Structures are given as structure tokens and as C-alpha cells.
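Heads up: the structure comes next, in C-alpha cells.
Numbering (mature numbering (1 follows the signal peptide of the UniProt record, and there is no 0)), first residue to last: -17 to -1, 1 to 171.
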């Protein structure tokens, strides 16, 4: 009976043989481990570059990596090792406005090749920075002479868009002008 219990404990230890550990990298934060995945927050970076986002230690065999979401390819992720015991997951930093399919995170499954039940998921959470300017587009409109135009009777329409998606957190106020001064939109 004791032998079976010891073997069972050995199998349990083998199932979770490797661990995820934080890396010392600007713009990368080792997050919480949830019931579904280890979270890692990565700031977007318009300058690009390849950086490690997590260390993987205690590996018993070669690791493989599989994308679990459709936007996985955007990371251009790769596993690197010097000794087949310690690995790093390297990703390409980019302007993540292009991450419009699949939300703000990418799920990656890491598995030891010879032991498929060692699969552990990582959730790479992209922190989109407010680094793009909003765009104000004005429609063509004709203004009648000698007519006072205000918000209620203006034939003009404006479209404001923001590639970063931060418009819902902005506060715009419309300052209505007179014939002498001009109106403007101010971001607070």
C-alpha cells in the first residue's frame, strides 16, 4: 500500500515538473496564477524588439509551445534554452493596436514533449498604452451666411476615433464660439 502511494506521489510531481518564474525586464510583470493560467503582463512597445517575458525552470525534457488563441502568431514567440533545463519564452514587442482579433491577451500552452500531461498555460496580457493620437474627421458641410451655428442646428458632423481605444475614458467638451472666436474640442 505504501509503495503505491509513493509511486502516485512521484507521478504527481512529474506532472508539474517545471515552473514559471519572473524575468527582470522593463515592461514585463509576472502576474497572478489563476486556476486556468499563469498571467504575465506585457506593455506594448512601438519600437519593437525581442525580449524574454518568463523563465521556465526545472524542465525534465524538451519543451513545446502551442498557441491557444487565434492571435498567437502576433507574438512571434519562441522558446530558447542553453541547457534543456532552463528555458525562456521570448516574444516580439510591437504596437499591439494590431491585436484587434482575440482581445487583449494571448494564451500559450507550454508542454514537455515526452509528457503531454505536463501542459501549463500562460496568459500573456497585453497592456495597450495610450500612445496614438485621436483623429477628428469633419464631414463636408455648408454654412449659411448670417446664420448663428450652434450644437443644435449645425449641419456638420464630426467623427472622433482612437486606435488605442481610450475614447471611452476621455472627457470632451464642445466650446461653442461666436463669429469672432472659433469653436474647438478640448480633451481634458
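Don't be surprised by glycine CBs; every beta carbon is placed ideally from N, CA and C. Note that the coordinates shown come from a computational prediction; the quantities given were computed from them, not determined experimentally.
*asked:* What does the Cβ neighbour count give for residue -14, buried or exposed, with the cut at 16 atoms within 10 Å?
replied: With a pLDDT of 45 at residue -14, under the threshold of 50, the modelled position of this residue cannot be trusted; read the value that follows with caution. Exposed: under 16 other Cβ atoms inside 10 Å.
_residue 87 beta carbon less than 8 Å from that of residue 74_ = In this structure, residue 74 keeps its C-beta atom at 8 Å or more from the C-beta atom of residue 87.
*Buried or exposed: where does residue 76 fall if 16 or more other Cβ atoms within 10 Å of its Cβ makes it buried?*
A residue is called buried when at least 16 other Cβ atoms come within 10 angstroms of its Cβ; residue 76 meets this threshold and is buried.
*asked:* Give me the residue from 27, 8, 67 with the minimum Cα distance to residue 37.
replied: Distance check between residue 37 and each of 27, 8, 67 places 8 closest, using alpha-carbon atoms only.
*asked:* Tell me which residue opens and which closes the beta strand (DSSP E) that residue 48 is part of.
replied: Its beta strand (DSSP E) spans residues 46 to 50.
_Candidates 40, 139, 18, 5, of which the one nearest residue 104 by Cα_ = Closest by alpha carbon: 18.
*For residue 106, which residues does DSSP report across the bridge?*
Bridge partners of residue 106: 22, 90.
*Where residue 25 and residue 43 are concerned, what is the direct C-alpha to C-alpha distance, given to the nearest angstrom?*
Cα to Cα, residue 25 sits roughly 27 Å from residue 43.
*Secondary structure at residue 57, three-state DSSP: helix, strand or coil?*
In the structure shown, the three-state DSSP call for residue 57 is helix.
*Looking at residue 70 and residue 57, is the spacing between their C-beta atoms short of 8 Å?*
No; because the gap between Cβ atoms is not below 8 Å, this pair is not in contact.
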